[in-house]
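Working notes, structure below.
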Amino acid sequence: MKIYTIYTPLTALILSLLSCGEYLDTKPHSNLVVPESLDDMEQLLDNGTVFTPYPELLELQADDFYFEQPYWESMFELVSKNAYIWAKDIYGTTESHSAWSQPYSRIFYANAVLDGLQGIARTQATAARHDHIKGCALFLKAEAVYILAQLFAKVYDERTAHSDLGIPIPISADVNEQVSRPTLEYTFEFITNSLTEAEKLLSATVDYSRPSKAAANALLARVYLYMGRYENALDHSSASLQSFDDVIDLNTATVRDYKNTMLNRFLSPSNDIKNLRASTLIDTVLIRSYSLSDKRLSSFYLEQSPKKWVKKRFNNLVDLCFTGLDADEQYLIRSECYARDGQLDKALEDLNNLLKNRFTVGAYVPYSSSDRDEVLRWILEERRKELIFRGVRWSDLKRLNREGFDMKLTRMLGNDVYTLAPHDPKWVLPIPLNEVSVTKIIQNER
């Protein structure tokens, strides 16, 4: 995302407000000053420092990499250190954490824009821009709520969502608003309804750093996949691919290719997930799953020493991870949905069309099978191999547990072994201590 500096009363207030700590427990002496023009709002939504970061805990708790004991013992960040081993108490004396506060910063900004739009006339001359800005704000707010739901709520389950606890969702930028925890069902209705409205308002063609119709459909597909609503996920992945179906060919990929994605969150200095790269060793089972002719092995990873692989630096220069939206994920979503519906020919067509761009020219042997379970297994394996460090593995593990795959995770540090059982309460993070203390919202079981 592009990063702009905008000096308005709103920005000054937001910066001072957010520097004080958590979003929900901040109580200023006056209500929020709202932006005064469409320019103000657009520039607020273009703030990459706010809207680009993805919490590293989406990757840190998953199974794609590991730390060696000396590095883990030297880790400065207590929450990250404890989250890595799924400790019951991850916070210790730490009262707040960015995995909670950063998404709420997004919500705060988005709400400021949505509030401000109510005071600006939508004229014939400004209608398209007015609608697109509103669509961006709705998209970015829904995305933030979804990030929080993956970390601080149980996996969505149709059988229990009406009673499971969801995520507090402020409806305005007035931080005096009292917000409680709704049900998980309400939380995901809010996410999907907001994205559906955003898709209607967003422009079809925009700068890659801003949400578009294709991006809204792509995020809806991702959310519906997590919810287990495969028919909806199929519809929205197809709609997204109708607008944007470019897949990078790893035989000819350049730096420029990585800029031309559906929603570019790659070239960003503020992406939390990038901080994991330098000290993490890629899971050896994952590395062995790539064939030697698979270009992803050399494109994504570097063998630092024998049998020890790290994620490769982007262009061999800087630590960056792509956490945006792109067509490769949409092909995998649609392929999985086809397979679950028994449409194996279509599932394999999508999978093979993607993978032919991932292997040395002439080396790829297309998948072929009439066994639904085998095809689904292939798709899930390729999904893990393709979407490494994209911020989706944790949600995949949670939803696969719901589907009965029993994803048990294990860490080894010296002689100590740590495990996360498939239905352990520790699949849900506790809410930061200060948030619970001040707002009195219900804490998660851990």
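Residue numbers for the sequence shown follow numbering that gives the first Met the number 0, beginning at 0 and rising by one. Ideal placement from N, C-alpha and C gives every residue a C-beta, glycine not left out.
Beta-bridge pairing by DSSP links Tyr417 to Arg410.
Selection Asn433, Val416, Glu444 and Asp405 evaluated against Phe66 yields Val416 as nearest (Cα-Cα). Looking at the backbone, the Cα of Cys135 and that of Val144 are separated by about 14 Å.
Taking a C-beta distance under 9 Å as the contact criterion, Leu201 and Asp130 qualify as a contact pair.
Under DSSP, Ser304 takes part in a beta bridge, and its partners are Lys307. As DSSP reads the structure, Ile281 sits in a beta bridge with Phe64. Membership of Cys135 in the alpha helix (DSSP H) is indicated by the continuous run Ala126 to Phe151. Under the 10 Å beta carbon count, Thr283 is surrounded by fewer than 16 other beta carbons and is classified as exposed. For Asn356 and Glu348, the gap between their C-alpha atoms comes out near 13 Å. Cβ-Cβ distances below 7 Å link Lys153 to Asp163, Leu183 and Val427 in the same chain, with the five nearest sequence neighbours on each side left out; the list follows chain order.
If you draw a straight line from the Cα of Tyr83 to the Cα of Gln60, it is about 5 Å long. In the three-state reduction of the DSSP assignment, Asp206 falls in the coil class. Taking the C-beta atoms as reference points, Gly323 is found nearer than 9 Å to Met261.
Residue pairing for Phe358: DSSP places it in a beta bridge opposite Asp293. In this model, Leu249 and Ala338 are separated by some 26 Å (Cα to Cα).
Beta-bridge pairing by DSSP links Thr182 to Leu164. In this structure, Ser288 lies near Lys384, with their beta-carbon atoms less than 9 Å apart. Measuring C-alpha to C-alpha distances from Leu139 to each of Gly47, Ala238 and Ile286 identifies Gly47 as the nearest.
In the DSSP assignment, the residues bridged to Leu324 are Leu262. With at least 16 other beta carbons inside 10 angstroms of its own, His235 counts as buried. Just so you know, the alpha carbons of Ser179 and Glu196 end up roughly 24 Å apart. Around Asp327, the same chain offers Val246, Leu353 and Glu385 as residues with beta carbons nearer than 7 Å, after the five sequence neighbours per side are excluded.
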